Amino acid sequence: RKAEARRNWPRWTDGTLLKSFADPEELQGDEDPSLLSPRERRAAWLSVHRRGGCRMETCFDFSRCERHGFKVFTYPQERGQPVSETYGKILSSLERSRYHTRNPEEACLFILGIDTLDRDHLSGHYVSNVDEKIRGSPLWNGGRNHLIFNLYSGTWPSYGGELGFDTGQAMLAKASFDSSSFRPGFDVSIPLFSREHPQRGGDRGWLRRDSVPPKKKYLLVFKGKRYLTGIGSGTRNALHHIHNGQDIISLTTCKHGKDWEKHKDTRCDKDNVDYERFDYQELLHNSTFCIVPRGRRLGSFRFLEALQAACIPVLLSDGWELPFAEAIDWGKAAVVGSERLLLQIPSAVRCIHPERVLAFQQHTQFLWDAYFSSVDKIVHTTLEIIKDRLSPHRSRSRSLWNTLPGGLLVLPDFSTHLGDFPFYYLQHGYSPSKKFTAFIRAVSQAGSLSQPMLRLIQAVSASQYCAQIVVLWSCEKPPPPSGKWPQSAVPLTIIQGRRGRAADRFFPFEAIQTDAVLSLDEDTSLSTSEVDFAFSVWLSFPERIVGFSTQSHFWDPEQGRWGYTSKWTNELSIVLTAAAFYHRYYHSLFTEYLPAGLRELVDGLAACEDILMNVLVAAVTKLPPIKVTQRKQHKEGAAQPAECGDGAAGTPPPGQRSPSAPHSAPAKGTGTAGSRRFSQRQDCLNQLADWFGYMPLVSSQLRLDPVLFKDQVSVLRKKYPSLEKP
Numbered sequence: 001r002k003a004e005a006r007r008n009w010p011r012w013t014d015g016t017l018l019k020s021f022a023d024p025e026e027l028q029g030d031e032d033p034s035l036l037s038p039r040e041r042r043a044a045w046l047s048v049h050r051r052g053g054c055r056m057e058t059c060f061d062f063s064r065c066e067r068h069g070f071k072v073f074t075y076p077q078e079r080g081q082p083v084s085e086t087y088g089k090i091l092s093s094l095e096r097s098r099y100h101t102r103n104p105e106e107a108c109l110f111i112l113g114i115d116t117l118d119r120d121h122l123s124g125h126y127v128s129n130v131d132e133k134i135r136g137s138p139l140w141n142g143g144r145n146h147l148i149f150n151l152y153s154g155t156w157p158s159y160g161g162e163l164g165f166d167t168g169q170a171m172l173a174k175a176s177f178d179s180s181s182f183r184p185g186f187d188v189s190i191p192l193f194s195r196e197h198p199q200r201g202g203d204r205g206w207l208r209r210d211s212v213p214p215k216k217k218y219l220l221v222f223k224g225k226r227y228l229t230g231i232g233s234g235t236r237n238a239l240h241h242i243h244n245g246q247d248i249i250s251l252t253t254c255k256h257g258k259d260w261e262k263h264k265d266t267r268c269d270k271d272n273v274d275y276e277r278f279d280y281q282e283l284l285h286n287s288t289f290c291i292v293p294r295g296r297r298l299g300s301f302r303f304l305e306a307l308q309a310a311c312i313p314v315l316l317s318d319g320w321e322l323p324f325a326e327a328i329d330w331g332k333a334a335v336v337g338s339e340r341l342l343l344q345i346p347s348a349v350r351c352i353h354p355e356r357v358l359a360f361q362q363h364t365q366f367l368w369d370a371y372f373s374s375v376d377k378i379v380h381t382t383l384e385i386i387k388d389r390l391s392p393h394r395s396r397s398r399s400l401w402n403t404l405p406g407g408l409l410v411l412p413d414f415s416t417h418l419g420d421f422p423f424y425y426l427q428h429g430y431s432p433s434k435k436f437t438a439f440i441r442a443v444s445q446a447g448s449l450s451q452p453m454l455r456l457i458q459a460v461s462a463s464q465y466c467a468q469i470v471v472l473w474s475c476e477k478p479p480p481p482s483g484k485w486p487q488s489a490v491p492l493t494i495i496q497g498r499r500g501r502a503a504d505r506f507f508p509f510e511a512i513q514t515d516a517v518l519s520l521d522e523d524t525s526l527s528t529s530e531v532d533f534a535f536s537v538w539l540s541f542p543e544r545i546v547g548f549s550t551q552s553h554f555w556d557p558e559q560g561r562w563g564y565t566s567k568w569t570n571e572l573s574i575v576l577t578a579a580a581f582y583h584r585y586y587h588s589l590f591t592e593y594l595p596a597g598l599r600e601l602v603d604g605l606a607a608c609e610d611i612l613m614n615v616l617v618a619a620v621t622k623l624p625p626i627k628v629t630q631r632k633q634h635k636e637g638a639a640q641p642a643e644c645g646d647g648a649a650g651t652p653p654p655g656q657r658s659p660s661a662p663h664s665a666p667a668k669g670t671g672t673a674g675s676r677r678f679s680q681r682q683d684c685l686n687q688l689a690d691w692f693g694y695m696p697l698v699s700s701q702l703r704l705d706p707v708l709f710k711d712q713v714s715v716l717r718k719k720y721p722s723l724e725k726p
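In terms of UniProt numbering, the sequence shown opens at residue 1 and continues consecutively.
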């Protein structure tokens, strides 16, 4: 029976079952020959045959990456050869990357300075004679170790995938990639994005994190151009068949282009009228699914628009290699349909269970925020995918790419095990180690051990959770001999630091072995009970900063810039790292994820390093820090000067409140040095917001106290009674 059920192979005589090797149209090539010069036709032919078999093992020189690691060099731009606004953003993103180098001898990967984004001959941004320009460079080397970015390939009428020049052995980071020409593990498929796409930061998705959206008015929508002739017209011409005017809205217009009236059909006039009745943004906001059909090319702008709007993309673009599909599991965020089965789409999406619909919607927001909301993220995702190929044994797993906070914020050089990161404890049942490392930064001019520091070491070492104490000695004079240090029940390690390098306090020293780090200044005053309680809180929130002294940020509408205050209020967004717990992974993220320019900023501005650490953790977690209770005497002594500096012009970003009158008034009796220090902290805050492209800090009004704290019950029933003593 098995033999009977098996389908027989076609015999040579079965001519009707044998498919031709090529259709006549395919033999004409991807481009219209009349639009290509003989030299360009030959370059396109050579490009296909030379790069067809490229893999990382055959067309990439790994030895260039061994000495200096993964470094990226961008060619200098040629005089008289301007680049488009979009390519300028890509180059800027590369130069802002932590991998960028100005020395080509150090480079592992090379990026052309010639704008290759638009290879449509009819475009004003088309650059001619690219072959001559790149062959003249001593770095080209046949395209080896090069990455070429492209958004638009081909031209009317076929809109093929060729770029019109010989790409040699270069990798392509290309939009609208056809899976037939895509080289898996070598090329990178990127999304098509508009020139208005933000350089960094980017707008948030329309669905708030962990929120449940209301039931949408429409089930399935589309509003866009209809092509009357040429490639891409078949699918869009058929979209009107699924329109029911109720919960499925499918609107097209043929009113575009110069000669649309010459080709218009009997539906055009009615379609154009119906098209104007609906607003595109309103449809995006109020629909559960959004149809994303192919246009002239396989990709379209509406793909990213649907992602941002939490409108689940229904893809109708056969053969499209989806963006970053090497890393992203699109089965969790999109419905991939077939152009031939368009009429089955409505019934297919109606069958999706509401719980899965919600999971789809939430995952669109994660992907948008993690990889697509800015040019920076698109470019950096491209680089990280390529970097992962260089060391497969230290690459991110697919689960890391598809789980919060995303692959860009998970460093495989730190670990590839989920349990080593602070983000996955709750989801996967891991837990951090039950001990902490006290990390004390000493910057005293005296070069000797101060009494506050001696008391601090004794109080911290007495904690039952303390595994070790590490002192970063950043003083001019050498540290005291071992006999001068106090005796403690835990090991004490001295590390010689560099004076004036504030960012060193967040360096991932090998001496730090525990998951938890208690960051301390040498003059911090804490009791053992305070340390124990704060650590017990951190164990429940290992992805956040947990500490004592807090400050907050706000938007100053008069100055049009971010303000900063250290007044004791109910609002907080910063926990000072003079006394705070956090996960040791943030040391690696601070040092290896952030570019050198940000760390230099920290060293140049007083007390900026703790603001940057708070901004970094908030950018990763999208959550505020946590304040824990402390003894009242510490509040009074530890409060910073309660002035609030100047705030520069614009409107406050969404969700940010303007400061109240007390915030805006400077404190009395503030010294000149204190004012300068405060002004530098505020400058630091605004420069960080500019670099990230938005303000990552999240405000909170939460403070955690011990159970029965200040309740009128017996002291014997309280675990931390000493916290209530004045």
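Glycine included, each C-beta is placed from N, C-alpha and C at the ideal position. Bear in mind that the values here come from a model prediction, so they are computed numbers and not experimental data.
Compute the Euclidean distance between the alpha carbons of residue i and residue j, then round it to the nearest angstrom.
i, j, result
"E106", "R64", "8 Å"
"residue 730", "L576", "Only positions 1 to 726 of the chain appear in the structure, and residue 730 is not among them; the question remains open."
"residue 728", "F507", "Lying before the first or after the last residue shown, residue 728 is absent from the chain, which here runs from 1 to 726."
"Q591", "T364", "Looking at the sequence itself, residue 591 is Thr, so the reference to Gln does not match. So the alpha carbons of these two residues sit roughly 30 Å apart."
"K725", "D705", "14 Å"
"D32", "S158", "Reliability fails at D32, whose pLDDT of 45 lies under 50, so the model's placement of it is uncertain and the value that follows must be treated cautiously. If you take the alpha carbons of D32 and S158, they lie about 7 Å apart."
"R356", "W485", "60 Å"
"F414", "D711", "44 Å"
"A579", "A310", "40 Å"
"S450", "R441", "13 Å"
"H285", "S176", "25 Å"
"P346", "A173", "34 Å"
"D178", "I231", "14 Å"
"L598", "C684", "10 Å"
"S153", "G299", "11 Å"
"R505", "V715", "39 Å"
Specify, as a first and last residue, the run of the beta strand (DSSP E) that residue i falls within.
i, result
"F554", "T550 to D556"
"W473", "C466 to W473"
"P354", "Premise fails: P354 lies in the alpha helix (DSSP H), P354 to L367, not in any beta strand (DSSP E)."
"V379", "Careful: V379 lies outside any beta strand (DSSP E), inside the alpha helix (DSSP H) at V375 to L390."
"W320", "Taken as a continuous stretch (DSSP letters only), W320 belongs to no beta strand (DSSP E), as it is neither H nor E."
"R302", "R302 -> not in any beta strand (DSSP E); alpha helix (DSSP H) instead, spanning R302 to Q308."
"V212", "Element bounds for V212: n/a, residue is neither H nor E."
"T493", "L492 to Q496"
Buried or exposed, going by whether 16 or more other CB atoms sit within 10 Å of the CB of residue i?
i, result
"residue 728", "Nothing can be reported for residue 728: it is not among the residues displayed for the chain, which extend from 1 to 726."
"L122", "exposed"
"P184", "exposed"
"R296", "buried"
"T58", "exposed"
"F62", "exposed"
"Q281", "exposed"
"L147", "buried"
Quick test of your reading: residue i and residue j, contact by CB under 8 Å. State the CB separation rounded to the nearest angstrom.
i, j, result
"S93", "H380", "7 Å"
"C254", "L228", "5 Å"
"V188", "I386", "7 Å"
"L612", "L688", "6 Å"
"E339", "T235", "5 Å"
"S474", "R499", "5 Å"
"R200", "F581", "With a Cβ gap of about 30 Å, R200 and F581 do not count as contacting."
Where do the N-terminal and C-terminal ends of the alpha helix (DSSP H) with residue i fall, by residue?
i, result
"R236", "S233 to A238"
"Y87", "E85 to R96"
"S461", "Q451 to S461"
"C59", "M56 to C59"
"P346", "I345 to R350"
Taking 7 Å as the cut-off, does the CB of residue i come closer than this to any heavy atom belonging to the ligand ATP?
i, result
"W401", "Ligands displayed in this structure: none; no statement on the ligand ATP is therefore possible."
Check your understanding: Are there three or more Cβ pairs, one per stretch, closer than 8 Å when the region 187 to 196 is compared with the region 216 to 223?
Key -> Not touching, per the Cβ criterion.
Check your understanding: Touching or not, the region 479 to 495 and the region 531 to 551, by the rule of three or more beta carbon pairs under 8 Å?
Key -> As far as the Cβ criterion goes, the region 479 to 495 does not touch the region 531 to 551, which means the pair count is below three.
Review point. So, do the region 433 to 452 and the region 466 to 474 have three or more beta carbon pairs nearer to each other than 8 Å?
Key: The region 433 to 452 vs the region 466 to 474: in contact.
Review point. Counting Cβ pairs closer than 8 Å, one from the region 320 to 334 and one from the region 197 to 214, do we hit at least three?
Key: Taking one beta carbon from each stretch, the region 320 to 334 and the region 197 to 214 have fewer than 3 pairs nearer than 8 Å; the two do not touch.
Practice item. Please confirm if the region 693 to 705 is in contact with the region 603 to 618, defined as three or more CB-CB distances below 8 Å between the two stretches. Key: Segment contact: the region 693 to 705 against the region 603 to 618, three or more CB-CB distances shorter than 8 Å; contact assigned.
Practice item. Report yes or no: do the region 525 to 538 and the region 552 to 567 share at least 3 C-beta pairs separated by less than 8 Å? Key: Taking a contact to require three or more Cβ pairs closer than 8 Å, the region 525 to 538 and the region 552 to 567 do not qualify as touching.
Point to revise | At least 3 beta-carbon pairs within less than 8 Å: the region 299 to 310 vs the region 358 to 373 | key: The region 299 to 310, when compared against the region 358 to 373, does touch it at the 8 Å Cβ threshold.
Check your understanding: Do the region 388 to 404 and the region 597 to 616 meet, that is, are 3 or more Cβ pairs less than 8 Å apart?
Key -> No, the region 388 to 404 does not touch the region 597 to 616.
Practice item. Say whether the region 74 to 92 touches the region 111 to 126, bearing in mind that this needs 3 or more beta-carbon pairs closer than 8 Å, one atom from each stretch. Key: Yes, the region 74 to 92 is in contact with the region 111 to 126.
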